[in-house]
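Scroll down for the structure; my scribbles are underneath it.
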Amino acid sequence: MTTAEKKITHIPSVKTERINVGLIGFGTVGTGVVKVLKENSGIILDKLGCELHLKRVADKDTTRDRGVKLEDGVLTPDAMDIINDPEISIVIELVGGTGIARTFIMEALERGKHVVTANKALLSIHGEEIFKKAAEKGVDIYFEASVGGGIPILKALREGLAANKIDSIYGIINGTANYILSKMTNEGGKFEDVLRRAQEKGYAEADPTYDVEGIDTANKLAILINLAYGTYVRLEDIYTEGISSISQLDIKFAKEFGYRIKLLAIAKNIDGHIEARVHPTMIPTEHPLANIDGVFNAVHLHGNAVGPVMFYGMGAGMMPTASAVAADLMDIARNMKKGISKRLPPLSYTEEAVKTVKIKPMENLESPYYIRFLAIDKPGALSKVSGVLGKYNISISSVIQRDRKIGGAVPLVILTHHALEKELRSAIEEIQKMDIIHDKIIYIRIEENLGAAN
18 MTTAEKKITH IPSVKTERIN VGLIGFGTVG TGVVKVLKEN SGIILDKLGC ELHLKRVADK
78 DTTRDRGVKL EDGVLTPDAM DIINDPEISI VIELVGGTGI ARTFIMEALE RGKHVVTANK
138 ALLSIHGEEI FKKAAEKGVD IYFEASVGGG IPILKALREG LAANKIDSIY GIINGTANYI
198 LSKMTNEGGK FEDVLRRAQE KGYAEADPTY DVEGIDTANK LAILINLAYG TYVRLEDIYT
258 EGISSISQLD IKFAKEFGYR IKLLAIAKNI DGHIEARVHP TMIPTEHPLA NIDGVFNAVH
318 LHGNAVGPVM FYGMGAGMMP TASAVAADLM DIARNMKKGI SKRLPPLSYT EEAVKTVKIK
378 PMENLESPYY IRFLAIDKPG ALSKVSGVLG KYNISISSVI QRDRKIGGAV PLVILTHHAL
438 EKELRSAIEE IQKMDIIHDK IIYIRIEENL GAAN
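The C-terminal residue of the sequence shown carries number 471 in the numbering used here, and the numbering is unbroken.
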């Protein structure tokens, strides 16, 4: 038997024309999953050759009308009714969070059940533990819906692009943040006002911190990095910065320089070191990512064989996310019909090949920068600022200085050539203390050659 053959775990083939599925979490996405399984049952049957039968659905709220009808006895308030049911082969976890959801998944795996989840926070924190348990029990765990909603980016990394060395990943993978920045760019308005309108439309949570401060994006980036580079990146290793400090001034100046501001998830493989960062980024207006508006998501990556590719679509919502969950169910069902599992490792890499990678410290990043000062309008202000930048080896590429006063100060905007983040921060710290500086200095990193090979 070859090494490759040993890696495939053989399990009993499905002899019946039905595979029983249990769903834990009957919220928005869970409702979407029920709709997809019902409305597209004929398509699923034709493609699988068997029925995906939703045997049980668990949710604490058993009375609310979700707009879909379940058969009598299907809905239960106790998730363990699903996990303990020997007839249920696949468990879908759509509870969310990193507490009880982890318990449900680990219990299901322990009982030899396959798992489908959309839980990016759980996988970014406990992915290694969960994947090892699945391997130990010889079952599959699929999680396409955890990144990019209905966009099949994880399947692309695990299968379609499997032969590539991934040079770079750039992602707009939080719809709330992208909606806010798009509205600020296209229609104007302050961050706070646009955020409030987003909340009114249901595009932002009552507490938007997770989205606007980049945490959700960082969770998803961790999963992308793990699949792209065969590793387990910790969430705390990813530099994370949100969009709450972005103002109309920055958006307008970005336009003048030929850029748009996006909250980007960025990963790069440079000489064996991985850049892993989430922050507002200025990108050229002609790049496809610059024109991703509203709640849409997009991931642009470069493989050393395939070159640049981009995936675009709905990154969240009931039906797009449910589409990804259903696709995972079908992949597992196909494995079951063939009597195998572990055909495709969670990270695409074999267990033996998963390794620790070195994360490049943020202070060692080299990038062009946009820097905005509000400086007291008096002679010599620019020379003082440029003098400090020169002291820290920061070369100026462009300058805009406005005449209009804002609280007795004028905007002074500088674009730099490539500079070291550590030196940029030191320069800004020194300039911030000058008596000519009126307000907090804002700086934004610039990405010029997105998708180019490193």
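Glycine included, each C-beta is placed from N, C-alpha and C at the ideal position.
Checklist entry - Alpha carbon to alpha carbon, how far is residue 264 from residue 404? => result Position 247 of the sequence shown, counted from the first residue, corresponds to residue 264. Position 387 of the sequence shown, counted from the first residue, corresponds to residue 404. Cα-Cα distance, rounded: 27 Å.
Checklist entry - Would you call the region 174-181 and the region 52-70 touching, i.e. three or more CB-CB distances under 8 Å? => result Inter-segment contact for the region 174-181 and the region 52-70 is absent: fewer than three beta-carbon pairs are separated by less than 8 Å.
Next on the checklist: Using the three-state DSSP reduction, which class does residue 285 fall into: helix, strand or coil?
Outcome noted: Translated into the one-based positions of the sequence shown, residue 285 becomes position 268. In this structure, residue 285 counts as strand in the three-state DSSP scheme.
Checklist entry - Roughly how many angstroms lie between the CA atoms of residue 232 and residue 188, to the nearest whole one? => result Working through the sequence shown from its first residue, we reach residue 232 at position 215. Working through the sequence shown from its first residue, we reach residue 188 at position 171. Approximately 14 Å between the Cα atoms of the pair.
Checklist entry - Measuring CA to CA, which of 238, 81, 96 and 87 is closest to residue 316? => result Within the sequence shown, the letter at position 299 stands for residue 316. The alpha carbon of residue 316 has as its nearest neighbour, out of 238, 81, 96 and 87, the alpha carbon of 238.
Checklist entry - Is it the case that the Cβ atoms of residue 364 and residue 133 are separated by a distance below 7 Å? => result As a position in the sequence shown, residue 364 is number 347, starting the count at 1. As a position in the sequence shown, residue 133 is number 116, starting the count at 1. Not a contact, by the Cβ cut-off of 7 Å.
Item to check | Proximity to residue 269 [Cα-Cα], best of 446, 245 and 202 | outcome: In the sequence shown, residue 269 corresponds to position 252, counting from 1. When each option's Cα is compared against that of residue 269, the closest is 202.
Checklist entry - Do you know whose CA, among 108, 291, 185 and 292, lies nearest residue 135's CA? => result One-based indexing of the sequence shown puts residue 135 at position 118. Answer by Cα proximity: 108.
Next on the checklist: Assuming residue 339 is part of the alpha helix (DSSP H), what are its boundary residues?
Outcome noted: In the sequence shown, counting from the first residue as 1, residue 339 sits at position 322. It spans 335-355 - the alpha helix (DSSP H) in which residue 339 sits, taken as one unbroken run.
Next on the checklist: Could you tell me the alpha carbon to alpha carbon distance between residue 97 and residue 121, rounded to whole angstroms?
Outcome noted: The sequence position of residue 97 within the sequence shown is 80, counting from 1. The sequence position of residue 121 within the sequence shown is 104, counting from 1. Rounded to the nearest whole angstrom, the CA to CA distance from residue 97 to residue 121 is 8 Å.
Checklist entry - Do you know how far the Cα of residue 394 is from the Cα of residue 455? => result Stepping through the sequence shown from its first residue, residue 455 is reached at position 438. Stepping through the sequence shown from its first residue, residue 394 is reached at position 377. In a straight line, the C-alpha of residue 455 is about 10 Å away from that of residue 394.
Next on the checklist: Which of the three DSSP states is assigned to residue 317 in this structure?
Outcome noted: Mapped onto the sequence shown, residue 317 falls at position 300. Reduced to three states, the DSSP call for residue 317 is strand.
Checklist entry - Among all the DSSP beta bridges, which residues are the ones paired with residue 325? => result One-based indexing of the sequence shown puts residue 325 at position 308. The bridge partners DSSP lists for residue 325 are 319.
Checklist entry - CA-CA distance, residue 368 and residue 170? => result Position 351 of the sequence shown, counted from the start, is the residue given in the question as residue 368. Position 153 of the sequence shown, counted from the start, is the residue given in the question as residue 170. Annotation: residue 368 to residue 170 spans about 21 Å, alpha carbon to alpha carbon.
Checklist entry - Do you know whose CA, among 119, 161, 291 and 78, lies nearest residue 93's CA? => result As a working mapping, residue 93 is identified with position 76 in the sequence shown. The candidate whose alpha carbon is nearest that of residue 93 is 78.
Checklist entry - What is the residue span of the beta strand (DSSP E) that residue 175 lies within? => result In the sequence shown, residue 175 corresponds to position 158, counting from 1. Here residue 175 belongs to no beta strand (DSSP E), and DSSP marks it neither H nor E.
Checklist entry - In or out: residue 81 buried (at least 16 other Cβ within 10 Å) or exposed? => result Locating residue 81 in the sequence shown gives position 64, where the first residue counts as 1. With fewer than 16 other Cβ atoms inside 10 Å of its own Cβ, residue 81 counts as exposed.
Next on the checklist: What residue range does the alpha helix (DSSP H) around residue 455 cover?
Outcome noted: As a first step, residue 455 must be located in the sequence shown, where it is residue number 438. Residue 455 -> no alpha helix (DSSP H), and no H or E assigned at all.
Next on the checklist: Contact defined as beta carbons within less than 8 Å: I believe residue 458 pairs with residue 431. What is the distance between those atoms, to the nearest angstrom?
Outcome noted: What you label residue 458 is simply residue 441 of the sequence shown in a count that begins at 1. What you label residue 431 is simply residue 414 of the sequence shown in a count that begins at 1. Not quite, the Cβ-Cβ distance comes to about 10 Å (not below 8 Å), so this is no contact.
Checklist entry - Going by other Cβ atoms of all chains shown within 10 Å of its Cβ, with 16 needed for buried, is residue 416 buried or exposed? => result As a first step, residue 416 is located in the sequence shown; it is residue number 399 there, counting from the start. It counts as exposed.
Checklist entry - Per DSSP, residue 418 forms a beta bridge with which residues? => result Here residue 418 refers to the residue found at position 401 of the sequence shown. Residue 418 is bridged to 429.
Checklist entry - Is the region 327-335 in contact with the region 287-298, if contact means three or more CB pairs nearer than 8 Å? => result Between the region 327-335 and the region 287-298 there are fewer than three C-beta pairs closer than 8 Å, too few to call the two in contact.
Item to check | Element boundaries [beta strand (DSSP E), containing residue 186] | outcome: Mapped onto the sequence shown, residue 186 falls at position 169. 183-189 is the extent of the beta strand (DSSP E) around residue 186.
Checklist entry - Can you give the Cα-Cα distance for residue 27 and residue 223, rounded to whole angstroms? => result Along the sequence shown, read from residue 1 onward, the residue named residue 27 stands at position 10. Along the sequence shown, read from residue 1 onward, the residue named residue 223 stands at position 206. Any reading at residue 27 is ruled out, since the residue's pLDDT is 46, under 50, leaving its predicted position unreliable.
Next on the checklist: Please state the DSSP three-state secondary structure of residue 386.
Outcome noted: Within the sequence shown, residue 386 is the residue found at index 369, counting from 1. The DSSP-derived three-state label of residue 386 is strand.
Next on the checklist: Taking 8 Å as the cut-off, does the region 368-378 touch the region 273-291 (at least 3 CB pairs, one atom from each stretch)?
Outcome noted: With a cut-off of 8 Å, the region 368-378 and the region 273-291 count as touching, because enough Cβ pairs lie within range.
Checklist entry - Among 371, 412, 408 and 362, which residue has its Cα nearest to the Cα of residue 386? => result As a first step, residue 386 must be located in the sequence shown, where it is residue number 369. Ranked by Cα distance from residue 386, the first of 371, 412, 408 and 362 is 412.
Item to check | Burial state of residue 396, where buried means 16 or more other Cβ atoms lie within 10 Å | outcome: Taking the sequence shown and counting its residues from 1, one reaches residue 396 at position 379. By the 10 Å Cβ count, residue 396 comes out exposed.
Next on the checklist: Taking only three categories from DSSP, how would you classify residue 234?
Outcome noted: For the purposes of this step, residue 234 is taken as the residue at position 217 of the sequence shown. Shown here, residue 234 sits in a helix according to DSSP, grouped into three states.
Next on the checklist: I need the boundaries of the beta strand (DSSP E) containing residue 292, first residue and last residue.
Outcome noted: To locate residue 292, count along the sequence shown from 1; it is residue 275. 290-301 is the span of the beta strand (DSSP E), which, as asked, contains residue 292.
Item to check | Proximity to residue 426 [Cα-Cα], best of 41, 453, 220 and 127 | outcome: Against the sequence shown, residue 426 aligns to sequence position 409. Comparing Cα-Cα distances from residue 426 to each of 41, 453, 220 and 127, the minimum goes to 453.
Checklist entry - Is the beta carbon of residue 158 less than 7 Å from the beta carbon of residue 115? => result If you number the sequence shown from 1, residue 158 lands on position 141. If you number the sequence shown from 1, residue 115 lands on position 98. No, they are not a contact pair.
Next on the checklist: Pop quiz: residue 229 and residue 259 are said to be a contact at Cβ under 8 Å. What is the actual Cβ separation, rounded to whole angstroms?
Outcome noted: Residue mapping note: residue 229 aligns to position 212 of the sequence shown, counting from 1. Residue mapping note: residue 259 aligns to position 242 of the sequence shown, counting from 1. Indeed they touch by this definition, with Cβ atoms about 5 Å apart.
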